[in-house]
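All remarks here apply to the structure that follows.
In the numbering used here, the protein residues as written are 149 to 329.
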């Protein structure tokens, strides 16, 4: 999984989901879109990436993950080569995951056209023709996974584990960390 991080990301959305995936044995690479290895989150937390986007090889990933947050979401969207890669992933039927404000990126590039999805409450107008769901933290439609907000980061991570490693792996992580949601 490539977790794409831009300055201003919502730290918990990124790191909680990444932590859950790593606990299951999924290889996750933190990718800096900021041009340097240290990305500063919306709350001032500094995260060191494994790779810069410019030196990464997205073809090796099974999933691209977009954390939300502001201005992190807008900073991700400002990367033309990431938008091109998302188009390639979408066309190939590869997994794309986005949480909070980040699903609006997918809506703007057409990945959510007539698909069920969720986003941060209040951003529904930016979801284009997506069929925005209410009252659910995580939605899977085809090869697209969306989640509502920071409070959804744990179930979002568990859903990605379930998709990429199977229900038993997700149940094992859930039990190991005593998650009762």
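Where a beta carbon is used, it is the ideal one built from N, C-alpha and C, also for glycine.
- What three-state label does DSSP hand residue 162 in the structure shown? helix
- Distance CB(residue 271)-CB(residue 215) smaller than 8 Å: no
- Buried/exposed call for residue 204, threshold 16 Cβ in 10 Å: Under this definition residue 204 is a buried residue.
- What is the DSSP secondary structure of residue 252, counted as helix, strand or coil? helix
- Query: What's the call for residue 217, buried or exposed, on a 16-neighbour Cβ count within 10 Å?
  - Reply: buried
- Inter-residue Cα distance where the pair is residue 224 and residue 249: Each residue's Cα considered, the two are about 11 Å apart.
- Message: Quick check on this structure: which residue in 212, 178, 183 has the alpha carbon closest to the alpha carbon of residue 293?
- Response: Of the candidates 212, 178, 183, the residue whose Cα lies closest to the Cα of residue 293 is 212.
- Compare the beta carbon distance of residue 254 and residue 247 with 8 Å and say whether it is the shorter of the two. no
- Residue interval of the alpha helix (DSSP H) (run including residue 322): Judged by DSSP secondary structure, residue 322 falls within the alpha helix (DSSP H) whose first and last residues are 315-324.
- Give the straight-line distance between the Cα atoms of residue 321 and residue 301, rounded to the nearest whole angstrom. 14 Å
- Query: Comparing alpha-carbon positions, which option in 182, 269, 170, 162 lies nearest residue 310?
  - Reply: Nearest option by C-alpha distance: 170.
- Message: With the cut-off set at 8 Å, would you say residue 151 and residue 166 are in Cβ contact?
- Response: yes
- Message: By the DSSP assignment, the alpha helix (DSSP H) with residue 235 in it spans what residues?
- Response: 228-240
- Query: For residue 209, which three-state DSSP category applies?
  - Reply: coil
- Item | Contact under 8 Å by Cβ, residue 256 with residue 279 | In this structure, residue 279 does not lie closer than 8 Å to residue 256 by Cβ.
- What residue from 237, 199, 305, 277 has the CA that sits closest to residue 325's CA? 305
- Query: Straight-line CA distance for residue 197 to residue 207?
  - Reply: 18 Å
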